[in-house]
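A.B. asks: Per the numbering used here, the very first residue in the sequence shown carries number 512; after that it's consecutive.
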Amino acid sequence: MLDDVVAALAAARAVVVLTGAGVSAESGVPTFRDAQRGLWADYDPEQLATPAGFARDPALVTRWYDERRVQCADVRPNPGHDALARLERYYAERGRAFVLLTQNVDRLHQRAGSRQVVELHGTLWVWRCIVCGHEREETGGPFGEYPPRCGCGGLRRPGVVWFGELLPEAALARAWGALAACDVFLSLGTSAVVEPAASFVDLARAASARTVEINIEETPITDRVDFALRGKTGELLPRIVDALCAR
Ligand code: BV8
Ligand code: ZN
């Protein structure tokens, strides 16, 4: 099965990869649906990651996001991230199309060297004023106050896409364009529940692409892909890319 995936990648003219929190799990970033730890144990992430949650308690929600941002500063990309950066270079060197669509907000793909990254759900690292719209990348320690304030006095929110919010138009357009033209689609470390990303596999199938899933557990799309590999992305992706580069 792994050899079939390598053969499909070797023949591919246009590859689309979709990643979820499982790819960052081996870096120590808790997956989105992991039981919340410590202070957050009794909060449902899907309640916190909403405009209503922010409106109800902006201090609580911004503290949650800022703690995740500061926590991400200390973690490192894992071999799964590194393998995806190598995969991008493999296709770039051959003049073939490659794009990495991520649901993750931790920017570990970029830190591993991936350049063609589309952040479908935004990022923890950019914060935006809800009044004047001023956006700024925050790479320092924790904010001194929650919710953080803009110079104009407005509240600042994390630059992520909350449930019930539309994905960035440019990101979606890039994803749809790439999916319509791809001949291999990889779904990596995602529970394939959150829309519209969960349906990307169907767009790839409609484009007659070969579809691959790598996950440690079954998901709603497992029975819709051509190759379902059960395992850790941090272990399987390096093996796949090594075999591809050795051909
Ligand atoms: C939208 C940013 C139009 C914030 C996130 C029906 C009812 C109600 C709502 C809806 C509905 N249908 C569609 C919706 C809307 C909703 C949705 O899909 N809800 C779901 C829950 C049903 N979608 C939206 O609201 C989207 N916007 O559709 O706009 C609209 C507007 C209004 C109404 C309708 C439509 C916006 C979605 C974006 C939400 N923001 N993140 C933040 O991070 O706090 S989503 C959040 O979940 C993260 O981005 C995360 O990445 C994402 C998906 O989760 P995963 O990445 O898959 O992570 P998860 O923990 O779930 O799974 C990890 C997987 O990896 C597991 O399977 C695990 O087994 C595996 N794994 C673990 N370790 C490893 C591993 N695999 C391999 N190796 C390992 N080592
Ligand atoms: Zn402002």
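Ideal Cβ placement from N, Cα and C applies to all residues, glycine included.
#1: What separation, rounded to the nearest whole angstrom, lies between the Cα atoms of Trp575 and Thr730?
#2: Pairs of beta-carbons, one from the stretch 682 to 695 and one from the stretch 607 to 618, closer than 8 angstroms: are there three or more?
#3: Nearest to Ala784 by alpha carbon, out of Glu557, Glu728, Ser702 and Tyr601?
#4: When the distance is taken between beta carbons, is Val528 closer than 8 angstroms to Leu740?
#5: Glu724 by DSSP, collapsed to three states: which one?
#6: Using C-beta distances below 8 angstroms, list every residue in its chain close to Ala608, excluding the 5 sequence neighbours before and after it, in chain order.
#7: Exposed or buried, which one is His592 when buried takes at least 16 other CB atoms within 10 Å?
#8: First and last residue of the alpha helix (DSSP H) that includes Gly539?
#9: Pull up the CB-CB distance for Gly531 and Thr701, whole angstroms please, since I reckon it's below 8 angstroms.
#10: Would you report the Cα separation of Ala709 and Ala703, rounded to the nearest angstrom?
#11: Compare the C-alpha of Gly633 against each of Arg668, Leu571 and Pro653 and name the closest.
#12: Please report the residue range of the beta strand (DSSP E) in which Val695 lies.
#13: What I want to know is whether the C-beta of Gly670 ends up closer than 7 angstroms to one or more non-hydrogen atoms of the ligand ZN.
#14: Use the C-beta contact count for Gly564: other C-beta atoms within 10 angstroms, 16 or more gives buried, fewer gives exposed.
#15: In chain order, what residues place their C-beta within less than 6 angstroms of a heavy atom belonging to the ligand ZN?
#16: For Glu656, name the three-state secondary structure that DSSP assigns.
#17: Less than 8 angstroms between the beta carbons of Ser625 and Ala596, yes or no?
#18: So for Pro669, helix, strand or coil by DSSP?
#19: Does the Cβ-Cβ distance between Phe738 and Val752 come in under 8 angstroms?
#20: Indicate whether at least one CB of chain D lies closer than 8 angstroms to the CB of Asp514.
#21: Below 7 angstroms CB to CB, which residues in the same chain sit around Leu635 once its five sequence neighbours on both sides are set aside?
C.D. replies: Here's the rundown:
#1: The residue given as residue 575 occupies position 64 in the sequence shown. The residue given as residue 730 occupies position 219 in the sequence shown. So the two alpha carbons sit approximately 27 angstroms from each other.
#2: yes
#3: Limits of the chain in this structure are 512 at one end and 758 at the other, which puts residue 784 out of reach.
#4: Counting from one through the sequence shown, the residue named residue 740 turns up at place 229. Counting from one through the sequence shown, the residue named residue 528 turns up at place 17. No.
#5: Position 213 of the sequence shown, counted from the first residue, corresponds to residue 724. If DSSP states are grouped into helix, strand and coil, Glu724 belongs with the strands.
#6: Locating residue 608 in the sequence shown gives position 97, where the first residue counts as 1. Closer than 8 angstroms at Cβ, skipping near neighbours: Arg524, Ala525, Val526, Tyr602, Ala689, Ala692 and Cys693.
#7: If you number the sequence shown from 1, residue 592 lands on position 81. By the neighbour-count rule (16 or more Cβ atoms within 10 Å), His592 is buried.
#8: One-based indexing of the sequence shown puts residue 539 at position 28. Premise fails: Gly539 is in no alpha helix (DSSP H) and is neither H nor E.
#9: Reading the sequence shown from its first residue, position 20 is the one you call residue 531. Reading the sequence shown from its first residue, position 190 is the one you call residue 701. With a Cβ gap of about 3 angstroms, Gly531 and Thr701 count as contacting.
#10: The residue labelled residue 709 in the question sits at position 198 within the sequence shown. The residue labelled residue 703 in the question sits at position 192 within the sequence shown. Rounded to whole angstroms, Ala709 to Ala703 spans 4 angstroms at the Cα level.
#11: Counting from 1 along the sequence shown, the entry for residue 633 is found at position 122. Taking only the C-alpha atoms, the option nearest Gly633 is Arg668.
#12: In the sequence shown, residue 695 corresponds to position 184, counting from 1. Note, Val695: beta strand (DSSP E), Val695 to Leu699.
#13: On the sequence shown, residue 670 is found 159 positions in, with the first residue counted as 1. No, the beta carbon of Gly670 sits no closer than 7 angstroms to any heavy atom of the ligand ZN.
#14: Here the question's residue 564 lines up with position 53 in the sequence shown. Flag for Gly564 reads buried.
#15: Cys640, Val642, Cys643, His645, Cys661, Cys663 and Gly665
#16: The count along the sequence shown starts at 1 and reaches residue 656 at position 145. In this structure, Glu656 counts as coil in the three-state DSSP scheme.
#17: Mapped onto the sequence shown, residue 625 falls at position 114. Mapped onto the sequence shown, residue 596 falls at position 85. In this structure, Ala596 lies closer than 8 angstroms to Ser625 by Cβ.
#18: Residue mapping note: residue 669 aligns to position 158 of the sequence shown, counting from 1. Looking at Pro669 - three-state DSSP - the assignment turns out to be strand.
#19: Within the sequence shown, residue 738 is the residue found at index 227, counting from 1. Within the sequence shown, residue 752 is the residue found at index 241, counting from 1. Not a contact, by the Cβ cut-off of 8 angstroms.
#20: Here there is only one protein chain, and chain D is not present.
#21: For the purposes of this step, residue 635 is taken as residue 124 along the sequence shown, with counting starting at 1. Closer than 7 angstroms at Cβ, skipping near neighbours: Tyr576, Arg579, Arg580, Cys583, Val616, Asp617, Pro669 and Val671.
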